[in-house]
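Per my numbering: the sequence shown = residues 4 to 247.
This report refers to the structure that appears directly beneath it.
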Amino acid sequence: MARSFFSKFFLYNFRKILRGRIRGKAVTSDFYQSEMPDHMASFVEATKDTTLILTILWIFFQSSWILLILGTIWSLWEGCSHSHLGWSKLQKLHRIIDEEKWEIEHHFPQERAELEKIYSAKGFSGQLLEDVINTLMADSNRLLQVMLEEEMGIALGSYEHPLKQGFWALFGSLATTLILSLGAFLFSLTGLLIFALTILGVSSFFVARYEKNNISTVLIWNWAILLFLTTITFFLHQLFLMKH
Numbered sequence: 004m005a006r007s008f009f010s011k012f013f014l015y016n017f018r019k020i021l022r023g024r025i026r027g028k029a030v031t032s033d034f035y036q037s038e039m040p041d042h043m044a045s046f047v048e049a050t051k052d053t054t055l056i057l058t059i060l061w062i063f064f065q066s067s068w069i070l071l072i073l074g075t076i077w078s079l080w081e082g083c084s085h086s087h088l089g090w091s092k093l094q095k096l097h098r099i100i101d102e103e104k105w106e107i108e109h110h111f112p113q114e115r116a117e118l119e120k121i122y123s124a125k126g127f128s129g130q131l132l133e134d135v136i137n138t139l140m141a142d143s144n145r146l147l148q149v150m151l152e153e154e155m156g157i158a159l160g161s162y163e164h165p166l167k168q169g170f171w172a173l174f175g176s177l178a179t180t181l182i183l184s185l186g187a188f189l190f191s192l193t194g195l196l197i198f199a200l201t202i203l204g205v206s207s208f209f210v211a212r213y214e215k216n217n218i219s220t221v222l223i224w225n226w227a228i229l230l231f232l233t234t235i236t237f238f239l240h241q242l243f244l245m246k247h
C-alpha cells in the first residue's frame, strides 16, 4: 500500500511538473515575446504591416486618395485585431490562473512538495527551506503567485490592457497611412518608397535597441523584405496588365 501510494505520488508530481513546463512555454511565448512593452510592440507591428500593405496597394491603384481611404480602413482593422488578440491572451492567462488555483485548493500536500523541489533547486535547504515554504504556504494568494511565477514563468503584473494595445496599434497604423499617403501625393512611387523605407528603418532601429539585437541586421532584413515583396508585386501586376 505504501509503495503504491508513493508511486502514485511520484507519478502525479512528474505529470504536474511536466504539464506546468509545457503550459509555461506556451504562456511565455505570449507574455514574454520581447523586452518591449506590449503597447509599443503593437505600435511597431502595426506600423510595419501597414507600410507593407500600403506599398503593395499603391502598385495596383496608384492613387494617394485611395491609399488614404484603404489605409484608414486597415488602421481600424489593426486596432480591433490587436485588441481582440489582447483579450484572447488575457482570457488564456485567467484560465491558467484558475487551473493553478484549483490545484492548490485540491492538492495542497502535493503543491507543498513541488514548492520544496523548486526552492531546493534554488539552493535552499534545512530549516531555511522549511521557513520559506511555511511562509509561502500560509498565504494562498501568495502561494498562487509564486507557483505561477516559479513553475510557469508568468509575471502577473507585466501584461497591459488589451484596449491600450489596440489604441497604439491604431495610432501606429494611422500615422503610417498619413505619412505614406503624403509621400505618394508629393513624389509618387519614389516618395512612397523613400517614406516606407524610412518608417521601416526607424521602427527596426527602435525594436533592435529594445531587444538588444544587431541593428544593421534588423534593418537589412526589413528593407530587403519590403523591396523583395514590392518587386514581386510590381512584376506580377505588369504581367497581369500585359495579358489584359
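Positions of the beta carbon are idealized from the N, C-alpha and C atoms, including for glycine.
query: Can you give the beta carbon distance from T233 to I59, rounded, assuming they're within the 8 Å contact cut?
result: In the sequence shown, residue 233 corresponds to position 230, counting from 1. In the sequence shown, residue 59 corresponds to position 56, counting from 1. About 7 Å; that satisfies the 8 Å criterion.
message: Would T180 and G74 be called neighbours here (beta carbons separated by less than 7 Å)?
response: The sequence position of residue 180 within the sequence shown is 177, counting from 1. The sequence position of residue 74 within the sequence shown is 71, counting from 1. Against a cut-off of 7 Å, the Cβ pair of G74 and T180 comes out as a contact.
Sequence-distant residues of the same chain with beta carbon closer than 8 Å to F46, five excluded per side: Position 43 of the sequence shown holds residue 46. If we look at F46 and ignore the five residues flanking it on each side, its Cβ neighbours are W171, A172, F174, G175.
message: Taking only three categories from DSSP, how would you classify G126?
response: For this step, residue 126 is matched to residue 123 along the sequence shown. Of the three classes helix, strand and coil, the one that applies to G126 here is coil, per DSSP.
query: Are A124 and E81 touching if we call contact CB-CB under 7 Å?
result: Mapped onto the sequence shown, residue 124 falls at position 121. Mapped onto the sequence shown, residue 81 falls at position 78. No, they are not a contact pair.
query: Should S184 and K51 be called a contact, given that it needs their Cβ atoms to be closer than 7 Å?
result: Working through the sequence shown from its first residue, we reach residue 184 at position 181. Working through the sequence shown from its first residue, we reach residue 51 at position 48. Between S184 and K51, the CB-CB gap reaches or exceeds 7 Å.
message: Does D101 pass the burial test, meaning 16 or more other C-beta atoms within 10 Å, or should it be called exposed?
response: Residue mapping note: residue 101 aligns to position 98 of the sequence shown, counting from 1. D101 comes out exposed.
message: Is the separation between the beta-carbon of L177 and that of L203 shorter than 7 Å?
response: Residue numbering aside, residue 177 sits at position 174 when the sequence shown is read from its first letter. Residue numbering aside, residue 203 sits at position 200 when the sequence shown is read from its first letter. No, the Cβ-Cβ distance between L177 and L203 is not below 7 Å.
query: At what residues does the alpha helix (DSSP H) containing N225 begin and finish?
result: Taking the first residue of the sequence shown as 1, we reach residue 225 at position 222. For N225, the uninterrupted alpha helix (DSSP H) run begins and ends at 218 to 246, by DSSP.
- prompt: Candidates I76, K120, K92, P40: which alpha carbon is nearest T53's?
  reply: In the sequence shown, the residue the question calls residue 53 occupies position 50. Scanning I76, K120, K92, P40 for the CA closest to the CA of T53 turns up I76.
message: Taking the alpha helix (DSSP H) that M3 belongs to, which residues open and close that run?
response: Any property of residue 3 remains undetermined from this structure, which presents the chain solely from 4 to 247.
message: Here's the rule: buried if 16 or more other CB atoms are within 10 angstroms of the residue's CB, otherwise exposed. What is H42?
response: What you label residue 42 is simply residue 39 of the sequence shown in a count that begins at 1. H42 comes out buried.
message: Quick test of your reading: E119 and M150, contact by CB under 8 Å. State the CB separation rounded to the nearest angstrom.
response: Numbered from its first residue, the sequence shown carries residue 119 at position 116. Numbered from its first residue, the sequence shown carries residue 150 at position 147. E119 to M150, Cβ: 12 Å. No contact.
message: Does A211 come out as helix, strand or coil in the three-state DSSP assignment?
response: Within the sequence shown, residue 211 is the residue found at index 208, counting from 1. A211 falls in the helix class under three-state DSSP.
message: Less than 7 Å between the C-beta atoms of I218 and F208, yes or no?
response: On the sequence shown, residue 218 is found 215 positions in, with the first residue counted as 1. On the sequence shown, residue 208 is found 205 positions in, with the first residue counted as 1. Yes. Within cutoff.
- prompt: How many Å lie between L166 and S86 at the Cα?
  reply: Taking the first residue of the sequence shown as position 1, residue 166 is located at position 163. Taking the first residue of the sequence shown as position 1, residue 86 is located at position 83. If you take the alpha carbons of L166 and S86, they lie about 5 Å apart.
message: Quick check: T61 and L71, are their CB atoms within less than 7 Å of each other?
response: Sequence index remark: in the sequence shown, residue 61 carries index 58 (1-based). Sequence index remark: in the sequence shown, residue 71 carries index 68 (1-based). The residue you asked about is not Thr; residue 61 is Trp in the sequence shown. By the CB criterion at 7 Å, W61 and L71 fall outside the cutoff.
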